[in-house]
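Residue numbers (the working numbering): -7 to 255. We put the beta carbon where it would ideally sit given N, CA and C, even for glycine. Have a look at the structure below before the remarks.
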């Protein structure tokens, strides 16, 4: 072919070949003619500095690979066409319900928390319902679902993907030395988030007499792992609790309700 009779630099030769193939088989922006290649057509490609390259593709004269149909990748649909202007039925416009992050999100980081899940027994459910019913609030109150009830043993923090498994392994290894203890409810309270963006109605919890040391040792152990991974340790005031409701506005629990819940 004419490529043999002309001398081109490596870059110019590559560009000429690519341009010739594009002219023969079309670019990704062109619609194929019935899904077939352009066999049987002449392609002329102008070269910088003058001259041209002419390639002919006669039926049956080229290998099958060159005369195969051109596969065009379809364009991705617009996001609006897929999602529409309205959120799916049943999904709130603001799935976060006005909540703000305790720290800014960074791509590649995973928000994390060390916690103990609370089993939703009838007694726990009844106590949570009674506390929610007693709340005095200016704004909307959101009850925490029973399956989401938990006792936090750390502050919220974030880990990179490569740290997830090492952190879990380190935590499991450290907790093997911990001793079991029992927590009992110790009344109802209202706590503020560190950013003062949310208010929580919580059931206070405390270890049974004689088991305070086991609870403190557990938190010390978790704090040690957090320091190893350069993460924040637990709050200075170690008030174990279980949040049952939250609001963006201030909450108040009447004194009589506190007394009733304590009983």
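What separation, rounded to the nearest whole angstrom, lies between the Cα atoms of residue i and residue j?
| i | j | result |
| --- | --- | --- |
| residue 144 | residue 107 | 4 Å |
| residue 199 | residue 209 | 12 Å |
| residue 182 | residue 175 | 19 Å |
| residue 165 | residue 142 | 22 Å |
| residue 153 | residue 255 | 46 Å |
| residue 157 | residue 140 | 23 Å |
| residue 197 | residue 205 | 15 Å |
| residue 250 | residue 110 | 21 Å |
| residue 214 | residue 201 | 22 Å |
| residue 226 | residue 232 | 10 Å |
| residue 245 | residue 234 | 16 Å |
| residue 11 | residue 155 | 48 Å |
| residue 188 | residue 161 | 34 Å |
| residue 253 | residue 177 | 9 Å |
| residue 248 | residue 212 | 36 Å |
| residue 240 | residue 184 | 10 Å |
| residue 171 | residue 99 | 37 Å |
| residue 114 | residue 190 | 27 Å |
| residue 168 | residue 194 | 29 Å |
So, for residue i: in the same chain, excluding its five sequence neighbours on each side, which residues have a beta-carbon less than 8 Å away from its beta-carbon?
| i | result |
| --- | --- |
| residue 138 | 112, 116, 117, 120 |
| residue 136 | 120, 235, 236, 237, 238 |
Here's a check: name, in chain order, each residue in its chain whose Cβ is nearer than 6 Å to the Cβ of residue i, leaving out the five neighbours to either side.
| i | result |
| --- | --- |
| residue 163 | 217 |
Near residue i, what residues of its chain come up, given a Cβ to Cβ distance below 7 Å and the 5 sequence neighbours on each side ignored?
| i | result |
| --- | --- |
| residue 104 | 149, 150, 151 |
Should residue i and residue j be called a contact, given that it needs their Cβ atoms to be closer than 7 Å?
| i | j | result |
| --- | --- | --- |
| residue 123 | residue 180 | yes |
| residue 207 | residue 173 | yes |
Can you confirm whether residue i, when its beta carbon is compared against all beta carbons of chain D, has any partner nearer than 7 Å?
| i | result |
| --- | --- |
| residue 127 | Absent here is chain D; the protein component of the structure consists of one chain. |
### Message
Taking contact to mean 3 or more Cβ pairs, one atom from each stretch, closer than 8 Å, check whether the region 120 to 137 and the region 218 to 226 are in contact.
### Response
Using a Cβ-Cβ distance cut-off of 8 Å, the region 120 to 137 and the region 218 to 226 are not in contact, since fewer than three pairs of beta carbons, one from each stretch, lie closer than that value.
### Residue ranges of each alpha helix (DSSP H) within the region 167 to 232, 4 or longer
204 to 220
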